[in-house]
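Below is one structure, written out as structure tokens; the observations come after it.
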Amino acid sequence: KAGVTQTPRYLIKTRGQQVTLSCSPISGHRSVSWYQQTPGQGLQFLFEYFSETQRNKGNFPGRFSGRQFSNSRSEMNVSTLELGDSALYLCASSLASTTAGNTIYFGEGSWLTVV
Amino acid sequence: GQQVMQIPQYQHVQEGEDFTTYCNSSTTLSNIQWYKQRPGGHPVFLIQLVKSGEVKKQKRLTFQFGEAKKNSSLHITATQTTDVGTYFCAGNPGTYKYIFGTGTRLKVLA
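In order, the protein sequence lines correspond to chains G and Z. So for the first sequence, the working numbering puts the first residue at 641; every next one is plus one. So for the second sequence, the working numbering puts the first residue at -2; every next one is plus one.
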């Protein structure tokens, strides 16, 4: 079956712009999480959605937001981009809520460069 | 806040040598997972540990979960060049998120 699909794979934005990243989870998976990965900070949790509800949020400013649609697809948005937002943004899906200890399947990520 | 520390940050080994990475959580975990990320790739699930003191093996890889469910380790016996990558632990403190360790980047010298 198809894995987690993220689009776009690569993008370059200018400071102050906003960006929307998309994630299609594995078919049947209802939980979608987003992570930011940078060389210095490792994998940082952004938020998790389950059945269109945000269940948990990491320690990121309000410029980072997300949503999940009824078909479990998810989007994350970053407004007023800063240079420090340059990172690999990873989406991960799992069958159910992560409290159940389900395996997380990562997409290949969206590489965002802010100039 | 809740943290998962992982050491070492980097490890260079000769092919055939053993390798171990350690994770320590500031809080008790419901379970812990391990992931491998190849250079340029995305994290790929390796294994999940749930029970206190649990030990699991996958060929040359041995995973342990501490008795207090606050620490874990991954040991690779006789490393191969295909083991190159960054190994992450991810602890679940019982909330709707996993806290990833900082990762250990393994380089295997042929």
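Beta carbons: idealized from backbone N, C-alpha and C, even for Gly. Note that the structure is predicted; figures quoted are calculated from it, not measured.
(request) Determine contact between the segment 8 to 15 of chain Z and the segment 666 to 680 of chain G, defined as no fewer than three beta-carbon pairs at a distance below 8 angstroms. (result) Not touching, per the Cβ criterion.
(message) Check whether the segment 710 to 721 of chain G and the segment 652 to 669 of chain G touch, using three or more Cβ-Cβ pairs below 8 angstroms as the test.
(response) Contact between the segment 710 to 721 of chain G and the segment 652 to 669 of chain G is present: three or more C-beta pairs spanning the two stretches fall below 8 angstroms.
(request) Label I652 of chain G either buried or exposed according to how many other C-beta atoms from any shown protein chain fall within 10 Å of its C-beta, with 16 as the threshold for buried. (result) Taking the first sequence and counting its residues from 1, one reaches residue 652 of chain G at position 12. Per the 10 Å Cβ criterion, exposed.
(request) State the Cα-Cα distance for the pair N89 of chain Z and G668 of chain G, rounded to the nearest angstrom. (result) Against the second sequence, residue 89 of chain Z aligns to sequence position 92. Against the first sequence, residue 668 of chain G aligns to sequence position 28. When rounded, the separation of the alpha-carbon atoms in N89 of chain Z and G668 of chain G is 22 angstroms.
(request) Helix, strand or coil for G100 of chain Z, going by three-state DSSP, please let me know. (result) Against the second sequence, residue 100 of chain Z aligns to sequence position 103. Residue state, collapsed to three classes: coil.
(request) Note the first and the last residue of the continuous beta strand (DSSP E) segment covering N711 of chain G. (result) As a first step, residue 711 of chain G must be located in the first sequence, where it is residue number 71. Counting along the chain, N711 of chain G falls outside any beta strand (DSSP E), and DSSP gives it neither H nor E.
(request) Since I believe G747 of chain G is in contact with Q646 of chain G (beta carbons under 8 angstroms), could you give me their beta-carbon distance rounded to a whole number of angstroms? (result) Here the question's residue 646 of chain G lines up with position 6 in the first sequence. Here the question's residue 747 of chain G lines up with position 107 in the first sequence. At roughly 4 angstroms, the Cβ-Cβ gap stays under 8 angstroms, so Q646 of chain G and G747 of chain G are in contact.
(request) Following the continuous beta strand (DSSP E) through R670 of chain G, name the residue where it begins and the one where it ends. (result) Numbered from its first residue, the first sequence carries residue 670 of chain G at position 30. Bounds of any beta strand (DSSP E) do not take in R670 of chain G, whose DSSP letter is neither H nor E.
(message) Quick check: is the beta carbon of L730 of chain G nearer than 8 angstroms to any beta carbon in chain Z?
(response) Stepping through the first sequence from its first residue, residue 730 of chain G is reached at position 90. Yes, because at least one Cβ of chain Z sits closer than 8 angstroms to the Cβ of L730 of chain G.
(request) Please list the partners that G749 of chain G has in chain Z, where partner means a Cβ-to-Cβ separation under 8 angstroms. (result) For this step, residue 749 of chain G is matched to residue 109 along the first sequence. H39, listed in chain order.
(message) Using beta carbons (cut-off 8 angstroms, strictly below), is F42 of chain Z in contact with chain G?
(response) The residue given as residue 42 of chain Z occupies position 45 in the second sequence. Yes, F42 of chain Z lies at the interface with chain G (some Cβ there is under 8 angstroms from its Cβ).
(request) Thinking A736 of chain G and R670 of chain G are a contact (beta carbons under 8 angstroms), I'd like their distance in whole angstroms, please. (result) If you number the first sequence from 1, residue 736 of chain G lands on position 96. If you number the first sequence from 1, residue 670 of chain G lands on position 30. Right, their Cβ atoms sit about 6 angstroms apart.
(request) Using a cut-off of 7 angstroms between C-beta atoms, extract the partners of F97 of chain Z located in chain G. (result) For this step, residue 97 of chain Z is matched to residue 100 along the second sequence. Within 7 angstroms Cβ-Cβ: G682, L683.
(message) Let me confirm a value: G91 of chain Z is counted as buried when at least 16 other C-beta atoms fall within 10 Å, else exposed. Which label applies?
(response) Here residue 91 of chain Z is taken as the residue at index 94 of the second sequence, counted from 1. Counting of Cβ neighbours within 10 angstroms places G91 of chain Z among the exposed residues, the total staying below 16.
(message) Using a Cβ-Cβ distance cut-off of 8 angstroms, determine whether F85 of chain Z contacts chain G.
(response) In the second sequence, counting from the first residue as 1, residue 85 of chain Z sits at position 88. Flagged as an interface residue toward chain G: F85 of chain Z, by a C-beta distance shorter than 8 angstroms.
(request) Could you check which residue in Z:Y19, Z:K48, Z:L43 has the C-alpha nearest to that of Q55 of chain Z? (result) Taking the first residue of the second sequence as position 1, residue 55 of chain Z is located at position 58. That would be Z:L43, whose Cα lies nearest to the Cα of Q55 of chain Z.
(message) Between the alpha carbons of P36 of chain Z and C86 of chain Z, how many angstroms are there, rounded?
(response) Taking the first residue of the second sequence as 1, we reach residue 36 of chain Z at position 39. Taking the first residue of the second sequence as 1, we reach residue 86 of chain Z at position 89. Approximately 17 angstroms, taken between the alpha carbons.
(request) Quickly, what does DSSP pair K28 of chain Z with across the bridge? List them, please. (result) Taking the first residue of the second sequence as position 1, residue 28 of chain Z is located at position 31. Rather than Lys, the amino acid found at residue 28 of chain Z in this sequence is Asn. Paired residues: Z:N89.
(request) Would you mind stating whether G706 of chain G and S714 of chain G have Cβ atoms separated by less than 8 angstroms? (result) The count along the first sequence starts at 1 and reaches residue 706 of chain G at position 66. The count along the first sequence starts at 1 and reaches residue 714 of chain G at position 74. Annotated as proximal: G706 of chain G and S714 of chain G, with beta-carbon spacing under 8 angstroms.
(request) Determine the chain C residues that contact G88 of chain Z at a beta-carbon separation under 9 angstroms, and present them in chain order. (result) Looking at the structure shown, chain C is missing, and the protein chains on hand are G and Z.
(request) Using a Cβ cut-off of 8 angstroms (strictly closer), state whether G100 of chain Z contacts chain G. (result) If you number the second sequence from 1, residue 100 of chain Z lands on position 103. Taking a beta-carbon distance threshold of 8 angstroms, G100 of chain Z counts as an interface residue toward chain G.
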